[in-house]
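For reference, the structure discussed in these notes is given below.
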Amino acid sequence: MATNTQIPVADRRAPVMEPGHTFVTIGEKVSNIVLKRPISLGWVLGFFIMFSLMNMLLFALGYLFLKGTGIWGINIPVGWGFAIINFVWWIGIGHAGTLISAILCLLRQTWRNSINRFAEAMTLFAVACAGVFPLVHTGRPWLAYWMFPYPNTMNYWPNFRSPLIWDVFAVSTYFTISLVFWFVGLIPDFATMRDRAEHPLTRGIYGILAMGWRGSARHWHRYETAYLLLAGLATPLVLSVHTVVSFDFAISIVPGWHTTIFPPYFVAGAIYSGFAMVLCLAIPIRAIYGLEDFITMRHLENSGKVMLATGLIVAYGYGIEAFMGWYSGNQFDSMLLWNRLHGPYSFWYLSLLATNIVIPQLLWMKKFRTSTFWLWVISLVVLVGMWLERFIIIVVSLHRDFLNSSWGMYYPTKWDWMTYTGTIGMFLTAMWLFVRILPMVSISELRTLLPEAHVHEAEEVKQ
Amino acid sequence: MQIFPRSSNAIARASLFGAVFAVAGLFWVVAQLQRSPYITYAGVRKSQPVPFSHQHHVTGLGIDCRYCHTSVEQSSFAGIPPTKTCMNCHAQIWTNAAYLEPVRESFRSGRSIEWTRVNQLPNFVYFNHSIHVNKGVGCNTCHGPVDQMPLTYQYASLQMEFCLDCHRAPEKYLRPREQVFNMRYEPPSTGEPVVVDGIAYAEQGKLGEALKKQYKVRSAREITDCNTCHR
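Each protein sequence line maps, in turn, to chains R and H.
The first sequence: position 388 = 388 (our numbering), numbered continuously.
Just add 1000 to the spot in the second sequence (first one is 1) and you have our numbering.
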């Protein structure tokens, strides 16, 4: 039977991988980015900027440890300021990586194969950035281990009825599973890197990480089993982590927080911002490193569609919140709605509606979905919008609660801003290193997309 | 292309198991260290300006705790005796002993003797001696065999788990009020029952329950509230 070198694709859709590639060209193309490509001036300059931002984060945190959380804008009534906004924002961004790697794996979506590696890396770095905030928000981060149930001299458990403790478990489990999933997926690629590296030290490091991978049938069998099991383990986490994060709010009685729609609405929002971050990174990376063959318009368009779908769920959430403000007849709920639209933060609420709901509707049009420029702009807009969403949920709900006498305003300080931009620096520093140290596209999984990798036994029997 | 010999598989396997034991061992060491006298100072004899012996004064001479610690039944603080209390006797006996010179000097000048504190709770803990003494908690339940201490030392760890051990089940330790200051009190046994109001108790559990009721000790739920001690 003649081998079809073209990958069969549906009409009018870009292919998952451009034609003409073989096992060898894939391995060369991806590993050469790490092993052969010289370090460019642009990379060094970008790294310098991001590394400086990360050091600004360390400076801001150092001053925080010295002075305490009083340097931030938080006070009563708004006790949860930037720290919690940024925590939820970063955790949400992480979700796309797990969705792509786990759920799309179980659903056998082959287009995930070329973006799952850096989406998972993005997840890990985003969760690491997210983890900084609740840690420093405790005020005494050196006692943060008190949140874990361990046999302590106080003979006391943490308060298991508090959703903040559920958060500790949800986020730490999430990070662990994501890390293991990422590492297991990397093992065959580490072996490729080991085999292609020339410097003995590089070869040794990749060799240790490859854990003696030979690519034997038994290795592949076990690898596939482990990968599938991990995908199964990670799948509920996509839903559970942000559900638990939403409980931080929904369990309380604050108007604007105390709603049952929070878990699905938070999960959708998380995937929304996560895919925005994937696009935000994938579009420049594929252009700079010439990966258009592997990350095709198909991937970008699909990500745009996911954004459109999850964005509509988020819009539904906003709609229900507004509807319940009116329908409940509760004066505090209707006050919240009024306050969002006409209160001191109304500009930001309207900006939220524009960035999160109105502008992304452009994705209905194929012209915008298939334009890298517009996709990149829209994904940046969505990232801003999802940040504003958390700002509105936290600050606007808290600043005017049941008693007029306890109303107040929240103004972030320069330390808030330094910490926030600092984590962006930390995230991008990690990304900068990642693209130069690890194969940012999965070599082994790309190879499975080639026709040569498919078994045609049954058809041969028919002949 | 393998770059490591086959034998490195053994190292990889060993490191997997080793990591588990190393982490578990580290946790164990930290947990033990945190409860050791290095952190708690339990059992550590501290030097004092005068080598005062509780053993001599309590066991040898039979002086009651309250002769010196006068406020223990009415106040949160048991009370450190003024030099005058020492001089009640030492104006008459051992008047020339060299190591009592700081006591006489204190009496002459009116400046207190600066004892080194032995039992110290952190400032965020509210502790009241009188409530414990009046509800039937013996001195040596927390302070240990003071009557056998030539130089006083802290007996218990005074960590929160030590306090909660009793607050969660006070019946394990309660004794009749009149036995609170008896340093040689023994919990009831079948051979030597403790008699309260004409009823002989052969088990601490039963005695404790009865005393809890009689002394109106509040429920474990109430006395383990955070603000019972952290006010």
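We put the beta carbon where it would ideally sit given N, CA and C, even for glycine.
Residue i burial status per 10 Å Cβ neighbour count (16 or more: buried)
i, result
"T3 of chain R", "Per-residue confidence for T3 of chain R stands at a pLDDT of 48, beneath the threshold of 50, marking its modelled position as unreliable; the derived number appears in the next sentence. When all chains shown are included, T3 of chain R counts as exposed."
"N356 of chain R", "buried"
"D416 of chain R", "buried"
"I253 of chain R", "exposed"
"Q1241 of chain H", "This structure gives no information on residue 1241 of chain H, because the portion of chain H shown stretches from 1001 to 1231."
"C1068 of chain H", "buried"
"T176 of chain R", "exposed"
"G1062 of chain H", "exposed"
"V44 of chain R", "exposed"
"D1064 of chain H", "exposed"
"N1088 of chain H", "exposed"
"R469 of chain R", "Limits of chain R in this structure are 1 at one end and 463 at the other, which puts residue 469 of chain R out of reach."
"G207 of chain R", "buried"
"M409 of chain R", "exposed"
"Q1032 of chain H", "exposed"
"N159 of chain R", "exposed"
"F1017 of chain H", "exposed"
"Q1120 of chain H", "exposed"
"M307 of chain R", "buried"
"H1143 of chain H", "buried"
"I437 of chain R", "exposed"
"E120 of chain R", "buried"
"M365 of chain R", "exposed"
"I392 of chain R", "buried"
"L57 of chain R", "buried"
Assigned secondary structure, residue i (DSSP; H/G/I helix, E/B strand, else coil)
i, result
"Y1201 of chain H", "strand"
"V1194 of chain H", "strand"
"R1045 of chain H", "strand"
"Q1002 of chain H", "coil"
"T370 of chain R", "coil"
"K1216 of chain H", "coil"
"S465 of chain R", "As displayed, chain R neither begins before 1 nor continues past 463, which places residue 465 of chain R out of reach and without an answer."
"A1091 of chain H", "coil"
"M17 of chain R", "coil"
"E1114 of chain H", "coil"
"R1231 of chain H", "coil"
"G81 of chain R", "coil"
"P451 of chain R", "helix"
"F1052 of chain H", "coil"
"W157 of chain R", "coil"
"I165 of chain R", "helix"
"G62 of chain R", "helix"
"N472 of chain R", "As shown, chain R starts at 1 and ends at 463. That puts residue 472 of chain R outside it, with no answer to give."
"D1064 of chain H", "coil"
"N4 of chain R", "Annotation note: pLDDT 49 at N4 of chain R (below 50); position unreliable, no value reported."
"R203 of chain R", "helix"
"G185 of chain R", "helix"
"E321 of chain R", "helix"
"P141 of chain R", "helix"
Checklist entry - Can you list, in chain order, the stretches of the alpha helix (DSSP H) that have 4 or more residues and sit fully within the stretch 245-299 of chain R? => result Runs found: 262-288.
Checklist entry - Do the stretch 87-102 of chain R and the stretch 18-33 of chain R meet, that is, are 3 or more Cβ pairs less than 8 Å apart? => result Contact fails: fewer than three Cβ-Cβ distances are below 8 Å.
Checklist entry - Okay, do the stretch 141-154 of chain R and the stretch 209-227 of chain R touch, 3+ Cβ pairs below 8 Å being the bar? => result No, because fewer than three Cβ pairs between the stretch 141-154 of chain R and the stretch 209-227 of chain R fall closer than 8 Å, the two stretches do not touch.
Item to check | Length-filtered (4 minimum) alpha helix (DSSP H) runs lying within the stretch 1118-1182 of chain H | outcome: Counting whole runs of 4 or more residues, the stretch 1118-1182 of chain H contains the alpha helix (DSSP H) stretches 1129-1134, 1139-1143, 1160-1167.
Next on the checklist: Tell me which residues of the stretch 1024-1042 of chain H have at least one Cβ-Cβ distance to chain R shorter than 7 Å, keeping chain order.
Outcome noted: Within the stretch 1024-1042 of chain H, the qualifying residues are A1031, Q1034, R1035.
Item to check | the stretch 301-319 of chain R contacting the stretch 328-342 of chain R, beta-carbon criterion three pairs below 8 Å | outcome: With the cut-off at 8 Å, the stretch 301-319 of chain R and the stretch 328-342 of chain R do not touch.
Checklist entry - Would you say the stretch 99-117 of chain R touches the stretch 272-288 of chain R, given that touching needs at least three Cβ pairs under 8 Å? => result With three or more CB-CB distances shorter than 8 Å, the stretch 99-117 of chain R counts as touching the stretch 272-288 of chain R.
Next on the checklist: Across the stretch 342-362 of chain R and the stretch 382-399 of chain R, are there enough close Cβ pairs to call them in contact, namely three or more that are closer than 8 Å?
Outcome noted: Yes: the two stretches touch, three or more of their Cβ pairs being nearer than 8 Å.
Item to check | the stretch 151-160 of chain R in contact with the stretch 1147-1161 of chain H per 3-pair CB rule at 8 Å | outcome: Proximity of the stretch 151-160 of chain R to the stretch 1147-1161 of chain H meets the contact definition, three or more beta-carbon pairs being nearer than 8 Å.
Checklist entry - When Cβ atoms are compared, which residues of the stretch 1180-1205 of chain H fall closer than 8 Å to chain R? => result For the stretch 1180-1205 of chain H, no residue has a beta-carbon sitting nearer than 8 Å to a beta-carbon of chain R.
Checklist entry - Do three or more CB pairs link the stretch 66-75 of chain R to the stretch 411-431 of chain R at distances below 8 Å? => result Yes, the stretch 66-75 of chain R is in contact with the stretch 411-431 of chain R.
Checklist entry - Is it true that the stretch 194-212 of chain R meets the stretch 232-247 of chain R, where meeting means three or more beta-carbon pairs spaced less than 8 Å apart? => result Per the Cβ contact rule, the stretch 194-212 of chain R is not in contact with the stretch 232-247 of chain R (fewer than 3 Cβ pairs under 8 Å).
Next on the checklist: For the stretch 123-157 of chain R, list every residue whose C-beta sits within 9 Å of some C-beta in chain H, in sequence order.
Outcome noted: Of all residues in the stretch 123-157 of chain R, the ones placed with a Cβ closer than 9 Å to any Cβ belonging to chain H are Y150, P151, N152, T153, M154, N155, Y156, in chain order.
Item to check | 4 or more residues per run - each alpha helix (DSSP H) lying fully within the stretch 353-421 of chain R | outcome: Listed in chain order, the alpha helix (DSSP H) runs fully inside the stretch 353-421 of chain R are 366-369, 372-391, counting runs of at least 4 residues.
Next on the checklist: Using a Cβ distance threshold of 8 Å, determine whether the stretch 79-92 of chain R contacts the stretch 122-140 of chain R, with at least three qualifying pairs required.
Outcome noted: Enough Cβ pairs lie closer than 8 Å, so yes.
Checklist entry - Below 8 Å, can you find three or more Cβ-Cβ pairs linking the stretch 1110-1124 of chain H to the stretch 1011-1030 of chain H? => result Between the stretch 1110-1124 of chain H and the stretch 1011-1030 of chain H there are fewer than three C-beta pairs closer than 8 Å, too few to call the two in contact.
Item to check | Sufficient close CB pairs (3 or more, under 8 Å) joining the stretch 1208-1222 of chain H to the stretch 1127-1138 of chain H | outcome: Flag = yes, the stretch 1208-1222 of chain H and the stretch 1127-1138 of chain H touch.
Checklist entry - Counting pairs of Cβ atoms below 8 Å between the stretch 1027-1047 of chain H and the stretch 1150-1158 of chain H, do you hit three or more? => result The stretch 1027-1047 of chain H makes contact with the stretch 1150-1158 of chain H, as at least three CB pairs between them are under 8 Å.
Item to check | Residues of the stretch 208-223 of chain R whose Cβ lies closer than 8 Å to any Cβ of chain H, in chain order | outcome: Within the stretch 208-223 of chain R, contact with chain H at the beta-carbon level (separation under 8 Å) is assigned to I208, M211, G212, R214.
Checklist entry - Is there contact between the stretch 367-380 of chain R and the stretch 251-269 of chain R, where contact requires at least three CB pairs shorter than 8 Å? => result No: fewer than three Cβ pairs fall under 8 Å.
Item to check | Where the stretch 1150-1172 of chain H meets chain R: residues whose CB sits under 9 Å from a CB there | outcome: For the stretch 1150-1172 of chain H, which is checked against every Cβ of chain R, the residues closer than 9 Å are S1157, Q1159, M1160, E1161, F1162, C1163, L1164, D1165, R1168.
Next on the checklist: Contact between the stretch 234-246 of chain R and the stretch 166-185 of chain R is defined here as three or more beta-carbon pairs at a separation below 8 Å; is this criterion met?
Outcome noted: Enough Cβ pairs lie closer than 8 Å, so yes.
Checklist entry - Hey, is the stretch 104-111 of chain R in contact with the stretch 31-51 of chain R, meaning 3+ C-beta pairs nearer than 8 Å? => result By the Cβ test, the stretch 104-111 of chain R is not in contact with the stretch 31-51 of chain R, since fewer than three Cβ pairs between them sit closer than 8 Å.
Next on the checklist: Contact between the stretch 320-327 of chain R and the stretch 290-305 of chain R is defined here as three or more beta-carbon pairs at a separation below 8 Å; is this criterion met?
Outcome noted: Cβ pair count under 8 Å is below three, so no.
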